Structure formats: C-alpha cells, structure tokens
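S.K.:
Number of protein chains: 2
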Amino acid sequence: MHAYVHIVDDDPSFRKALERRLKLAGYRVGTYASARELLDQLPDDGEAGCILLDVRIPGMSGPELQRRLNELESTLPIVFLTGHADTATTVQAIKAGAEDFLTKPIASEQLIEAITRAVARHELVRDQRTRLDSLRALLAKLTPRERQVFDLIVCGRINKQIAHELGTTERTIKAHRHQVMEKMQVQSLAELVSIAERLGARASGGEVKA
Amino acid sequence: MHAYVHIVDDDPSFRKALERRLKLAGYRVGTYASARELLDQLPDDGEAGCILLDVRIPGMSGPELQRRLNELESTLPIVFLTGHADTATTVQAIKAGAEDFLTKPIASEQLIEAITRAVARHELVRDQRTRLDSLRALLAKLTPRERQVFDLIVCGRINKQIAHELGTTERTIKAHRHQVMEKMQVQSLAELVSIAERLGARASGGEVKA
DNA sequence: TTTCATATTGTACCATGGGACAAGAACGGC
DNA sequence: GCCGTTCTTGTCCCATGGTACAATATGAAA
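Spelled out as structure tokens, the structure:
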C-alpha cells in the first residue's frame with residue numbers, strides 16, 4: 004500500500020522522528036510546520052491517506068484546521084496527536100468527524116493501528132464521495148427546465164400533472180422526461196428516484212398541491 | 004418542557020444533589036444506582052429525555068451500558084459525566100454516539116446546556132425512528148411473495164421481467180403489485196422507491212441479470 | 001369440515017409512458 | 001445574419017401499468 008500520511012506539527016524534531024517511523028512502516032509522508040502550510044499545498048483527496056494533526060500549533064489550531072478542511076469538503080480523515088488533551092477539545096474533535104485522538108508519546112503500534120483505520124475509512128468515504136460526485140455532475144447537466152421536470156418526476160407526479168404545474172403540454176413533458184432519463188443515464192424511474200434520494204434532491208412529495 | 008433525565012451514578016449524595024438541581028430547572032428525574040437498575044426499568048423511548056451516565060460505576064460500566072443500549076436500539080442520548088476522563092474512553096464514548104462527555108465537578112449552566120442539546124437531539128432521532136418504524140411495520144405486513152415483488156419493483160424491473168424471474172405470469176404480478184402499493188400506502192412508484200431507499204431495503208439494481 | 005389467507009390466472013378496457021418522425025419559436029453568441 | 005441550445009408541440013402507435021369482474025387452488029387454522 005502506498006497510503007500518504009500528512010504530518011502537521013510545529014516541532015521539527017518530532018516531525019522528523021515521526022516521518023522516519025512511518026516511512027519504515029511503508030507509508031509515504033508529507034510534513035507541514037503549520038496548518039497554513041498544509042492548506043497551501045492541499046493534499047490530493049484522490050489518493051488514500053490521512054492527516055496526523057497536532058492540536059496546539061502556531062497560527063491556526065488543529066481544530067480550526069479541521070473545521071476549514073470540513074468546509075473545503077476534504078475527505079482526508081484526521082488523527083489528532085497531541086501532548087495535552089483536555090476533554091472538551093477531544094469531544095469537539097471527534098464530534099467534528101476526527102478519526103481518532105491520541106496523546107503523545109504514542110507507541111508505534113498504536114499509532115500505526117490508528118493510521119491503518121483512518122486510511123481504510125478514507126478509501127470508503129473517498130469512493131462514496133466519488134460516486135456521489137458523478138451523480139451530481141449528471142444532475143448539473145440538466146437544463147433548468149429539465150431540472151424542474153426531474154424534481155416533479157421523482158416526487159411521483161405523472162406527466163399530466165407536471166404539464167399542468169409547469170403550464171405546458173403533456174407532449175412537452177414527455178420530451179423533457181426523455182432528456183432527463185437520457186442525461187441521468189438511467190433506464191427506469193426507480194433508478195432515477197434512487198439517485199434523487201441519495202443526492203437528497205427530492206421533496207418526498209406524496210401530496211399534490213391542489 | 005417535561006423532558007426526563009435519567010441519572011445513573013453509584014454515589015447517592017451526588018444523585019440527590021443532581022436530582023435537586025435538575026428538578027429546579029424543570030426536569031423530571033429518574034435515578035439509578037447501577038446500569039442494571041436502569042436496564043431493568045428501561046425508560047420509555049417515547050418521551051423526550053436523556054441519560055446522565057457515570058463512567059465508572061459498580062457492575063456494568065458506563066460504556067458497557069452504552070453498548071447495551073445501542074444493541075437495544077435505544078434512542079436516548081447519553082451524556083457522560085465522570086470524575087476521571089481518560090482520552091481513550093472519551094473518544095470511544097463519542098464515537099459510539101454519546102451526546103457529550105463532561106467532567107465533575109460541572110457548573111449547572113454547562114450541565115443544563117448539554118442536557119438541553121441532548122434532549123433536543125432526542126426529539127429529532129425519536130421522530131425519525133418513529134417514522135422509520137411505521138414504514139418497517141408496513142413492509143412487515145407484506146406476504147413473502149409480495150415482498151419478493153416489492154424488491155424487484157424498487158429495483159426497476161417491469162412486470163414482465165418480474166413474472167419471468169418468479170416463474171409466474173404478468174397478470175399475477177399485477178395482482179401482487181396492487182397489494183404492495185395498497186399495503187405500503189403509496190400512490191406512486193416514486194414513493195415506493197423512496198421508502199425502500201430510506202429502509203435500506205433496495206438493491207439499487209439497474210442491471211438485469213440475463 | 002369450514003373458513004381464511006395466500007397465491008394464482010384470465011379477459012377486457014383504459015390510462016400512462018415512451019419512441020418515431022417532424023418541426024416551430026426564442027435567445028444568445030459568433 | 002447564421003448557428004446552436006433550449007423549450008416547445010403535434011400525430012401515430014405500441015408497450016406497460018392499473019382496474020373491474022371473476023375464478024381456482026392450496027394450506028393452515030378453527
């Protein structure tokens with residue numbers, strides 16, 4: 004495996020030591036002295052890996068970096084690694100999605116274990132993300148009108164109703180509907196609804212607004 | 004609000020003090036000296052509330068009780084409240100879904116805040132659970148045959164294919180299909196697929212096994 | 001044995017979805 | 001002005017879904 008571990012810590016000697024340990028374990032390693040540094044050369048979500056992050060670092064703190072990465076929709080799991088763990092910070096970090104929260108000094112064995120878990124999870128969420136992105140890309144290719152029709156279709160409306168709601172004819176809706184099925188690359192209504200559900204792009208609507 | 008707070012702690016004086024504090028704040032309170040005690044008179048998930056749980060209690064530990072409650076599919080959020088918080092335990096508890104992890108002594112303000120959050124979340128998950136249970140109940144009312152048809156319908160198969168796969172006629176499938184729509188209380192295929200997605204009871208199947 | 005739930009099947013008939021074949025109108029960019 | 005995209009609409013025809021009206025068969029339960 005060629006998983007990439009990104010170490011963010013302000014202590015150069017600690018970074019070096021960790022880097023050596025991890026490279027021996029077969030990981031590729033990137034080191035960063037600050038949150039800023041990591042953000043500037045943002046690691047590629049595309050390859051499996053994780054972030055080893057100190058809580059208290061100069062400038063942007065570990066948890067702040069975590070929040071920033073979440074905003075950027077990074078999928079890289081974060082393993083916190085800190086000398087001084089207070090409960091509130093720990094709770095916050097895990098709630099915010101951190102994969103783990105470890106305290107220095109840490110036994111290699113434990114560290115590797117945590118990294119292995121993190122990398123494994125990354126592969127899962129990364130794949131999941133990729134699939135969703137593909138679907139989102141398809142959806143984005145719909146024209147505004149097609150998107151309207153899409154929404155009504157997955158709400159269970161029939162062509163006649165859609166035509167009425169959009170102030171056009173059934174024939175027109177059939178045309179749009181055809182385009183929607185084509186662009187979304189599905190053969191059945193079931194698949195279309197399934198996609199809508201997974202994208203959260205449905206209004207469940209059983210009720211027809213009279 | 005009449006939210007119910009369930010206190011599990013082996014220290015009688017602490018329980019009493021906490022009980023007083025919370026009753027003054029307008030909560031209804033149940034106290035338990037051990038995990039066993041709480042499990043024996045399992046609180047009703049139906050009314051909003053949460054559990055205040057000490058980590059180190061005689062017999063079953065806090066985290067063990069948490070695991071047990073998860074197995075029992077309890078929706079009551081757990082707020083851990085302990086004198087001695089080690090990082091590993093904290094991480095585990097939050098990962099296992101605990102709402103919060105606080106340390107004694109705790110200021111009333113902070114405690115109430117955590118409880119308020121926990122109760123609010125409980126109302127959400129409880130409602131969510133109720134909705135899912137209703138759907139599951141509907142699904143459970145399908146006969147084995149109807150369930151087979153349901154599965155194939157939400158995979159996007161058409162009657163003809165379903166009939167072939169189940170070794171029967173299209174007409175029969177129409178009958179079952181009618182029953183399925185009736186029992187699941189839906190008017191459209193879209194709704195049916197939506198339900199299947201939410202219950203995780205679908206095989207996404209776009210591919211027809213030739 | 002009778003009764004009920006389940007599974008099965010048939011014949012019409014109508015509503016809806018969807019494709020083939022064709023084409024007009026509005027709008028923005030080259 | 002010409003071209004491409006989008007939105008629009010029509011007719012004909014067939015496939016599929018859905019319902020009404022009926023009926024048979026099997027197995028378990030009363």
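These protein sequences, in sequence, are chains A and B. Each number in the numbering used here comes from the position in the first sequence (counting from 1) with 3 added on. Each number in the numbering used here comes from the position in the second sequence (counting from 1) with 3 added on. By construction, the Cβ of each residue, glycine as well, lies at the ideal position given by its N, Cα and C atoms. Keep in mind it's a predicted model, so treat the numbers as computed, not measured.
My parser needs the alpha helix (DSSP H) runs of 4 or more residues fully inside the region 31 to 60 of chain B; what are they?
M.R.: Complete alpha helix (DSSP H) runs here, min 4: 38 to 43.
S.K.: Between Phe17 of chain A and chain B, is the shortest Cβ-Cβ distance under 9 angstroms, so that the two count as touching?
M.R.: Output row for Phe17 of chain A: interface = no.
S.K.: What are the boundary residues of the alpha helix (DSSP H) that includes His87 of chain A?
M.R.: Taken as a continuous stretch (DSSP letters only), His87 of chain A belongs to no alpha helix (DSSP H), as it is neither H nor E.
S.K.: By DSSP, does His167 of chain A sit in helix, in strand, or in coil?
M.R.: Of the three classes helix, strand and coil, the one that applies to His167 of chain A here is helix, per DSSP.
S.K.: Looking at the unbroken alpha helix (DSSP H) that takes in Leu105 of chain B, where does it start and where does it end?
M.R.: Taken as a continuous stretch (DSSP letters only), Leu105 of chain B belongs to no alpha helix (DSSP H), being part of the beta strand (DSSP E) at 103 to 106.
S.K.: Taking buried to mean at least 16 other C-beta atoms within 10 Å of its own C-beta, is Leu55 of chain B buried or exposed?
M.R.: Under this definition Leu55 of chain B is a buried residue.
S.K.: Val211 of chain A to Arg148 of chain A, Cα distance in whole Å?
M.R.: Note on Val211 of chain A: pLDDT 39, under 50, position unreliable in the model; no value is reported.
S.K.: Look up Ile81 of chain B in the DSSP assignment and give the residues it is bridged to.
M.R.: Per DSSP, B:Ile54.
S.K.: Are the CB atoms of Gln44 of chain A and Tyr30 of chain A within a distance shorter than 9 angstroms?
M.R.: No; because the gap between Cβ atoms is not below 9 angstroms, this pair is not in contact.
S.K.: I want to see whether chain B comes within less than 9 angstroms of Thr172 of chain A, judged by CB atoms only; does it?
M.R.: Cβ-Cβ to chain B under 9 angstroms: no for Thr172 of chain A.
S.K.: Below 8 angstroms, can you find three or more Cβ-Cβ pairs linking the region 12 to 31 of chain B to the region 63 to 81 of chain B?
M.R.: With the cut-off at 8 angstroms, the region 12 to 31 of chain B and the region 63 to 81 of chain B do not touch.
S.K.: Within its chain, find whatever has a CB closer than 8 angstroms to the CB of Glu102 of chain B; leave out the 5 residues flanking it on each side and keep chain order.
M.R.: Cys53, Pro80, Ile81, Val82, Ala117, Arg120, Ala121, Arg124, listed in sequence order.
S.K.: Quick one: Cα of Ala213 of chain A to Cα of Ala166 of chain A, how far?
M.R.: Bear in mind that the predicted position of Ala213 of chain A carries a pLDDT of just 28, short of 50, making it unreliable; the figure below should be weighed with that in mind. Roughly 14 angstroms between the two C-alpha positions.
S.K.: Rank A:Gly203, A:Gly159, A:Leu145 by C-alpha distance to the C-alpha of Ala193 of chain B and give the top, closest one.
M.R.: Nearest of A:Gly203, A:Gly159, A:Leu145 to Ala193 of chain B, Cα basis: A:Gly159.
S.K.: Which residue comes first and which comes last in the beta strand (DSSP E) that contains His9 of chain B?
M.R.: Segment 7 to 11, the beta strand (DSSP E) holding His9 of chain B.
S.K.: Give the straight-line distance between the Cα atoms of Leu202 of chain A and Met187 of chain A, rounded to the nearest whole angstrom.
M.R.: Roughly 13 angstroms between the two C-alpha positions.
S.K.: List the residues of chain A whose Cβ lies closer than 7 angstroms to the Cβ of Thr119 of chain B, in chain order.
M.R.: In chain order: nothing, as chain A lies at least about 16 angstroms away.
S.K.: If we define contact as Cβ-Cβ less than 9 angstroms, is Thr106 of chain B a contact residue for chain A?
M.R.: Interface residue, yes.
S.K.: Which two residues bound the contiguous alpha helix (DSSP H) that contains Thr3 of chain B?
M.R.: The requested residue 3 of chain B is not part of the displayed model; chain B covers only 4 to 213.
S.K.: Nearest CA to the CA of Asp13 of chain B: which residue from B:Gln131, B:Ser64, B:Val128?
M.R.: Ranking B:Gln131, B:Ser64, B:Val128 by Cα distance to Asp13 of chain B puts B:Ser64 first.
S.K.: Can a CB atom of chain B be found closer than 9 angstroms to the CB of Thr133 of chain A?
M.R.: With 9 angstroms as the cut-off, Thr133 of chain A does not count as an interface residue toward chain B.
S.K.: Let me know the secondary structure DSSP gives Lys26 of chain B once reduced to three states.
M.R.: The answer is helix: DSSP assigns Lys26 of chain B an H, G or I state.
S.K.: Quick check on Leu192 of chain B - is its C-beta less than 9 angstroms from some C-beta in chain A?
M.R.: True, the Cβ-Cβ gap to chain A drops below 9 angstroms.
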